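Working notes for the structure below.
Number of protein chains: 2
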Amino acid sequence: MKYQHNFNPTISDEDVFKEIVKEKESIGYYNLVKQDTSAFKDYAKNVKQTNIVVIGIGGSTLGTYAIYKFLKHSKDLSKKLYFLETTDPIDITSKIEAIDLDDTLFIVISKSGTTIETISIFKYINSLVTCNKNNTVVITENDSKLNTYAQANDIERFEIPKNVGGRFSVFSAVGLLPLAMVGIDIDELLNGATDIHNSFFNKENTYEMILNKARFFVEYKNSFNINVVFSYSSRLDGFNKWYIQLWGESLGKIDINSTRQGLTPIGIIGPIDQHSFLQLIVEGRRDKTVTVIKVDDFDSNLKIPHVELEGLSELDYLDDIEFSSLINKQADATIESINNLNDIPCDVITIDSVSERSIASLMYEYELLTSVCAKFMYIDAYNQPGVEAGKIILKKKLEAKV
Amino acid sequence: MKYQHNFNPTISDEDVFKEIVKEKESIGYYNLVKQDTSAFKDYAKNVKQTNIVVIGIGGSTLGTYAIYKFLKHSKDLSKKLYFLETTDPIDITSKIEAIDLDDTLFIVISKSGTTIETISIFKYINSLVTCNKNNTVVITENDSKLNTYAQANDIERFEIPKNVGGRFSVFSAVGLLPLAMVGIDIDELLNGATDIHNSFFNKENTYEMILNKARFFVEYKNSFNINVVFSYSSRLDGFNKWYIQLWGESLGKIDINSTRQGLTPIGIIGPIDQHSFLQLIVEGRRDKTVTVIKVDDFDSNLKIPHVELEGLSELDYLDDIEFSSLINKQADATIESINNLNDIPCDVITIDSVSERSIASLMYEYELLTSVCAKFMYIDAYNQPGVEAGKIILKKKLEAKV
Chain A
97 MKYQHNFNPT
107 ISDEDVFKEI
117 VKEKESIGYY
127 NLVKQDTSAF
137 KDYAKNVKQT
147 NIVVIGIGGS
157 TLGTYAIYKF
167 LKHSKDLSKK
177 LYFLETTDPI
187 DITSKIEAID
197 LDDTLFIVIS
207 KSGTTIETIS
217 IFKYINSLVT
227 CNKNNTVVIT
237 ENDSKLNTYA
247 QANDIERFEI
257 PKNVGGRFSV
267 FSAVGLLPLA
277 MVGIDIDELL
287 NGATDIHNSF
297 FNKENTYEMI
307 LNKARFFVEY
317 KNSFNINVVF
327 SYSSRLDGFN
337 KWYIQLWGES
347 LGKIDINSTR
357 QGLTPIGIIG
367 PIDQHSFLQL
377 IVEGRRDKTV
387 TVIKVDDFDS
397 NLKIPHVELE
407 GLSELDYLDD
417 IEFSSLINKQ
427 ADATIESINN
437 LNDIPCDVIT
447 IDSVSERSIA
457 SLMYEYELLT
467 SVCAKFMYID
477 AYNQPGVEAG
487 KIILKKKLEA
497 KV
Chain D
97 MKYQHNFNPT
107 ISDEDVFKEI
117 VKEKESIGYY
127 NLVKQDTSAF
137 KDYAKNVKQT
147 NIVVIGIGGS
157 TLGTYAIYKF
167 LKHSKDLSKK
177 LYFLETTDPI
187 DITSKIEAID
197 LDDTLFIVIS
207 KSGTTIETIS
217 IFKYINSLVT
227 CNKNNTVVIT
237 ENDSKLNTYA
247 QANDIERFEI
257 PKNVGGRFSV
267 FSAVGLLPLA
277 MVGIDIDELL
287 NGATDIHNSF
297 FNKENTYEMI
307 LNKARFFVEY
317 KNSFNINVVF
327 SYSSRLDGFN
337 KWYIQLWGES
347 LGKIDINSTR
357 QGLTPIGIIG
367 PIDQHSFLQL
377 IVEGRRDKTV
387 TVIKVDDFDS
397 NLKIPHVELE
407 GLSELDYLDD
417 IEFSSLINKQ
427 ADATIESINN
437 LNDIPCDVIT
447 IDSVSERSIA
457 SLMYEYELLT
467 SVCAKFMYID
477 AYNQPGVEAG
487 KIILKKKLEA
497 KV
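Those protein sequence lines, which keep their order, are chains A and D. Heads up, the first sequence is in this note's numbering, so the first residue is 97 and it goes up one at a time. Heads up, the second sequence is in this note's numbering, so the first residue is 97 and it goes up one at a time.
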């Protein structure tokens, strides 16, 4: 008797790494760390407008928002950044009311060039203000219909390379151009990404961490089908949203054996969600891994003052504690209480500071982790065939105008 | 041979209903629909300040924020509402910078009266501005330490009844007082909740819907351990967060047979998350139910104008479509594409309008659904023992000041 099988054996770390190195030749995001950023910086420094409005959705906005949200209160930024990304009429109206459109630069971002939400909103903006080369820039693939529009109107164009997927595009023009405009140091962003890139591809500590973590996630995916990122800073809620897209859309796929795969991402914020989601983690079903993200240095000495409140003296032990210390101790207490349970996989990422370098390192690391998980799962991280059916149905409904 | 077993048989709808009716005598939230609101309205109409700042966390803020976020751009509100709810120092500093504290009324909300985050922030506020009966109100249990503080300082107090849990408290003073202050019609909120209350307890259509849905969720909880709420309006993102607390903290429990229960809530927003999470729903593992929430009437005639964009004429079929129609067609296309797959449980809730009555109906319905699920799961929906261990660890760390 002879057997032959096509079940996937667990492949070795070394083989996965070889596949990633090979993939690096064709998948563009890996190599964005070493690009020349002078075109973005040159354009950015000549922008006269006070407001920068990104019109885009999904991969065209989430990464930029994550970085902007993380840094905006800690840097002295020169301009304000807004995002028009939904077709909700109340949202569009209320956001536009708050912006002086005559003092605004519009960045229209669509990889395909024909994203319905983006073009719908851009049409609406065109009815409110004249869009031309003085107040509009386009970021798209070099042969898209949006590119044709820009060319016909002499509007500046920046390219999303075809081999850079939307959700992996934050370190392309998609993220770097608007972030440079508001005064974020985009070279430091790339330095942060490069730190992780080099550590991984030179097989230093990031290599081992990512391979081990990805292997764990994939080998235990049937027990722990939910991955919770528990970020201990409100400034990381944009990162959480970006993570949800990256993880969900990259790993929710049918594998080479026609089996449905998928790890479900959840992003929560500490300490707020200690008061909402932690109970479920601690006492609920053991279907979740937890990754706690901490910020080592908030660069803030905001302190709980010594104020006597009659009746509340039992809480005076809080006096003189810095809020940055309080939030990190809250994180530590959550980690310790989860680890004491012994049956919830929990890891901790501590980023150094509220800086370009730190957030970019974190994001690039998550991109690599996603790519490595996909290799272990025998899926394509870079496509999204599951959303096409809905787009076709929508188009029919809209064309029928009923 | 004789057998006796204590496995839980599936109990009948009728028996669950009887238990809910019995529970209604001791659990307070059910009966908040018929309270006298005049004390809230009387206090609210005398508030002179322009800014209302709620200091609270979790159940003390999430419900209020859900209603405020849903309505604030559709109503002509007289005051602005802010929430101080996290210990993130950057968040505290940036929020406080944006508020004129001398023109602010502070509402300090803590059921226990000794919530660390809330008292820490309140102490900090006390170092910036004098808090007294002219600019401070307290909402807490009637025998808490915070109540003692208020009494000692002649500060107005409103009560959270002991039998109303924080996450079920939105229709108590916790939600009604701040919402009345900014100009939201709190009687209409209660009317919306009453509609659902009566329909359920009179065994009309809400009764059948809630029982069927809860039974399905619980019977299939091992296949579908994740419940996705997919809200097609950006104004519902506060509702999504409130739902996550309600669902997660109420149902993540150990049942009477010492078995871990728990249904994991996820809240996403359409159409934005069509570009992030939908791929995972459609092609990923079949571990999710999907509830789509639509708004029937956005009360907006915002339209995609007929604007010719050279190169983009293939999208001219969008012209003259109202954004409210577009977003609802996006919802319908998502629903149809999910239903076409035949193996993802999907239900749709359409609320009438962007009004007090609609959002309150939706929220009260979710409270009832949560209570009914808990009955089917043989758990206590109203406690949260799983977070106590972390609180004790935190207190030790803080008292040690290391």
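Positions of the beta carbon are idealized from the N, C-alpha and C atoms, including for glycine. Quick caveat, the model's predicted, so the values are computed rather than measured.
Task: Classification of A/LEU422 by the beta-carbon crowding that lies within 10 angstroms, buried from 16 upward - done: In the first sequence, the residue the question calls residue 422 of chain A occupies position 326. With 16 or more Cβ atoms within 10 Å of its Cβ, A/LEU422 is classed as buried.
Open item on the list: Taking CB distances under 7 Å as the criterion, tell me whether D/SER208 reaches chain A.
Closed with: Along the second sequence, read from residue 1 onward, the residue named residue 208 of chain D stands at position 112. So no, D/SER208 is outside the interface.
TODO: Tell whether a beta-carbon distance below 7 Å holds between A/GLY444 and A/VAL388.
DONE: Here residue 444 of chain A refers to the residue found at position 348 when the first sequence is read from its first residue. Here residue 388 of chain A refers to the residue found at position 292 when the first sequence is read from its first residue. It is Val, not Gly, that sits at residue 444 of chain A in the sequence shown. Cβ distance < 7 Å, so A/VAL444 and A/VAL388 count as in contact.
Task: Neighbourhood of A/ALA246 by C-beta distance below 6 Å, restricted to the same chain and skipping five residues each side - done: Working through the first sequence from its first residue, we reach residue 246 of chain A at position 150. Result list for A/ALA246: VAL234, ARG253, in chain order.
- [ ] Name, please, each residue of chain D whose Cβ falls closer than 7 Å to the Cβ of A/THR182.
- [x] On the first sequence, residue 182 of chain A is found 86 positions in, with the first residue counted as 1. The answer, in chain order, is SER330, PRO367, ILE368.
- [ ] Answer yes or no: does any C-beta atom of chain D fall closer than 7 Å to that of A/ALA194?
- [x] Numbered from 1 along the first sequence, position 98 holds the residue referred to as residue 194 of chain A. Not closer than 7 Å to any Cβ of chain D, the Cβ of A/ALA194 fails to qualify, so no.
Task: Cβ shell of A/LEU201 (< 6 Å), same chain only, five flanking positions each side left out - done: For the purposes of this step, residue 201 of chain A is taken as the residue at position 105 of the first sequence. Closer than 6 Å at Cβ, skipping near neighbours: VAL143, GLN145, ILE148, ASN231.
Open item on the list: 7 Å is my cut-off, CB to CB: does A/PRO441 come that close to chain D?
Closed with: As a working note, residue 441 of chain A is residue 345 in the first sequence. Chain D, which has no Cβ nearer than 7 Å to the Cβ of A/PRO441, makes this no.
Task: Bridge partners - D/ILE352, DSSP secondary structure assignment - done: Position 256 of the second sequence holds residue 352 of chain D. Paired residue(s): none; D/ILE352 is not in a bridge.
Open item on the list: Under DSSP, the beta strand (DSSP E) around D/THR232 begins and ends at which residues?
Closed with: Here residue 232 of chain D refers to the residue found at position 136 of the second sequence. Run containing D/THR232: 232 to 236, per the beta strand (DSSP E) assignment.
Open item on the list: Distance check for D/GLN370 and D/TRP343, CA to CA, integer angstroms please.
Closed with: Position 247 of the second sequence, counting from 1, holds the residue named residue 343 of chain D. Position 274 of the second sequence, counting from 1, holds the residue named residue 370 of chain D. Looking at the two C-alpha atoms, the distance is approximately 23 Å.
Open item on the list: Which same chain residues end up closer than 8 Å to A/TYR220 when comparing Cβ atoms and leaving out the 5 residues on each side of it in sequence?
Closed with: Position 124 of the first sequence, counted from the first residue, corresponds to residue 220 of chain A. Excluding positions up to five away in sequence, the list reads ILE188.
Task: Exposure of D/ALA56, with buried meaning 16 or more beta-carbon neighbours within 10 Å - done: Nothing can be reported for residue 56 of chain D: it is not among the residues displayed for chain D, which extend from 97 to 498.
Open item on the list: Give me the subset of the segment 444 to 478 of chain A whose CB atoms are less than 8 Å from a CB atom of chain D, sorted by chain position.
Closed with: The segment 444 to 478 of chain A vs chain D, Cβ under 8 Å: VAL450.
Task: Spatial neighbours of D/PHE166 in its chain, beta-carbon cut-off 7 Å, leaving aside the 5 residues before and after - done: For the purposes of this step, residue 166 of chain D is taken as the residue at position 70 of the second sequence. Taken in chain order, the residues that qualify are ARG331, LEU332, GLY334, PHE335, VAL450, ILE455.
TODO: Alpha carbon to alpha carbon, how far is A/TYR126 from A/LEU465? Give it in angstroms, no decimals.
DONE: Residue numbering aside, residue 465 of chain A sits at position 369 when the first sequence is read from its first letter. Residue numbering aside, residue 126 of chain A sits at position 30 when the first sequence is read from its first letter. If I take the Cα positions, the gap works out to 12 Å.
TODO: Examine chain A for any beta-carbon lying closer than 7 Å to the beta-carbon of D/GLY279, and answer yes or no.
DONE: Stepping through the second sequence from its first residue, residue 279 of chain D is reached at position 183. By this cut-off, D/GLY279 is not an interface position.
Open item on the list: With DSSP as the reference, identify every bridge partner of A/LEU177, one or two as the case may be.
Closed with: Position 81 of the first sequence, counting from 1, holds the residue named residue 177 of chain A. For A/LEU177, which the question treats as bridged, DSSP gives the partners A/ILE148.
- [ ] Apply the 10 Å Cβ neighbour rule to D/ILE280 and answer buried if 16 or more other Cβ atoms are within range, or exposed otherwise.
- [x] Within the second sequence, residue 280 of chain D is the residue found at index 184, counting from 1. That one is buried.
Task: Min CB distance A/ILE352 to chain D below 7 Å - done: Here residue 352 of chain A corresponds to residue number 256 of the first sequence, with the count starting at 1. Cβ-Cβ to chain D under 7 Å: no for A/ILE352.
Open item on the list: Which residues does DSSP list as the beta-bridge partners of A/ILE200?
Closed with: Numbered from 1 along the first sequence, position 104 holds the residue referred to as residue 200 of chain A. A small fix is needed here, since residue 200 of chain A is Thr in this sequence, not Ile. Partner(s): A/ASN147.
- [ ] Give the single residue among A/LYS390, A/CYS469, A/SER457 whose Cα lies nearest to the Cα of A/VAL112.
- [x] On the first sequence, residue 112 of chain A is found 16 positions in, with the first residue counted as 1. Of the listed residues, the one whose Cα sits closest to A/VAL112 is A/CYS469.
Task: Inside the segment 97 to 138 of chain D only - alpha helix (DSSP H) runs reaching at least 4 residues - done: 109 to 119
- [ ] Could you tell me the distance, in whole angstroms, from the CA atom of D/LYS317 to the CA atom of D/ARG356?
- [x] Mapped onto the second sequence, residue 317 of chain D falls at position 221. Mapped onto the second sequence, residue 356 of chain D falls at position 260. Approximately 12 Å between the Cα atoms of the pair.
- [ ] Using the Cα positions of A/SER457 and A/PHE326, report the straight-line distance between them to the nearest angstrom.
- [x] One-based indexing of the first sequence puts residue 457 of chain A at position 361. One-based indexing of the first sequence puts residue 326 of chain A at position 230. Roughly 17 Å between the two C-alpha positions.
Task: 4 or more residues per run - each alpha helix (DSSP H) lying fully within the segment 248 to 329 of chain D - done: 269 to 278, 282 to 297, 301 to 315
Task: Selection of the segment 389 to 410 of chain D by Cβ proximity to chain A, strictly under 7 Å - done: Under the 7 Å Cβ criterion, the segment 389 to 410 of chain D contributes PHE394, SER396, LEU398, ILE400, PRO401, VAL403, LEU405, GLU406, GLY407, LEU408, GLU410.
Task: Range of the contiguous beta strand (DSSP E) that encloses D/SER449 - done: Along the second sequence, one-based indexing puts residue 449 of chain D at 353. Counting along the chain, the beta strand (DSSP E) containing D/SER449 begins and ends at 442 to 449.
Task: chain A contact residues for D/VAL378, given Cβ-Cβ distances below 7 Å - done: Taking the second sequence and counting its residues from 1, the one referred to as residue 378 of chain D is at position 282. Result: GLY482, VAL483.
Open item on the list: 7 Å is my cut-off, CB to CB: does A/PRO274 come that close to chain D?
Closed with: Looking up residue 274 of chain A in the first sequence gives position 178. Chain D, which has no Cβ nearer than 7 Å to the Cβ of A/PRO274, makes this no.
Open item on the list: At the 7 Å Cβ level, is A/THR244 part of the contact set with chain D, yes or no?
Closed with: As a working mapping, residue 244 of chain A is identified with position 148 in the first sequence. It does: the Cβ of A/THR244 has a partner Cβ on chain D nearer than 7 Å.
- [ ] Could you spell out where the beta strand (DSSP E) holding A/LYS191 opens and where it closes?
- [x] As a position in the first sequence, residue 191 of chain A is number 95, starting the count at 1. That residue, A/LYS191, is in no beta strand (DSSP E); its alpha helix (DSSP H) goes 185 to 193.
Task: contact_flag[the segment 370 to 384 of chain A, the segment 431 to 440 of chain A] where n(CB pairs < 8 Å) is 3 or more - done: Touching, yes, given that three or more Cβ pairs across the two stretches are closer than 8 Å.
TODO: Compare the Cα-Cα distances from A/LYS337 to each of A/SER156, A/ALA194, A/SER208 and report the closest residue.
DONE: Residue 337 of chain A sits at position 241 when you count from the first residue of the first sequence. Out of A/SER156, A/ALA194, A/SER208, A/SER156 has the C-alpha closest to the C-alpha of A/LYS337.
Open item on the list: With a threshold of 7 Å between beta carbons, is A/ALA496 in contact with chain D?
Closed with: Reading the first sequence from its first residue, position 400 is the one you call residue 496 of chain A. Against chain D, the CB of A/ALA496 has no partner CB under 7 Å away; the residue lies outside that interface.
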